[in-house]
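Counting in this note's numbering, the sequence shown runs from 40 upward without gaps.
Scroll down for the structure; my scribbles are underneath it.
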Amino acid sequence: MEEISRTIHIRKLTEDELSSEERQLLNAARDATYRSYAPYSRFCVGAAVLLDNGEILSGNNQENCAFPSGLCAERTTLFYANSRHPDTPVTMLCIAARDSSGQFTSSPISPCGGCRQVMLETEHRFAKPIRILLYGTDGIYIVNSARDLLPVEFDSDSLV
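What follows is the structure in structure tokens.
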């Protein structure tokens, strides 16, 4: 029997410990939560990406009464970035959420499996890791790559 082990490094920082670039991205993600369309869950998620060209784009979750038809903030944002700038890598992604009372979550929220897969595909597309910031009022998790969130990956090599 062979055992495979993978170590994942997640740093927890305060907002004051972020760089000015990271704070700018965080503010864009928090602002995006206010444009969320979440009438059913009232869980408003915003995401923002920093592109390799320095541009910041944001998006948010979009719900639908036919629940599978909605889309998460992370995917909305990554698809928007890739449609606007198909040849520009995403270097950083930040996710923030407000709960049903309208307050930002105290703990960072983690992306769902579908969003993790899209992040991984974006990394493969540009052969470059995406630094991920997961915001909570009690601290911000910093993850160096989508591979750290999805350690057993499904990619194009899996299709052969």
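We put the CB at the ideal spot given by N, CA and C, even for glycine.
When rounded, the separation of the alpha-carbon atoms in G93 and L52 is 23 Å. By the neighbour-count definition (other C-beta atoms within 10 Å, threshold 16), L198 is an exposed residue. Annotation: V191 is outside any beta strand (DSSP E) and is labelled neither H nor E by DSSP.
Annotated three-state conformation of L52 is strand, per DSSP. Exposure of R123 is indicated by the presence of fewer than 16 other C-beta atoms within 10 angstroms of its C-beta. At a cut-off of 3 residues, the continuous stretches assigned as beta strand (DSSP E) that sit fully inside the segment 57-120 are 83-90, 95-99.
T161 sits in a helix when the DSSP states are folded into three classes.
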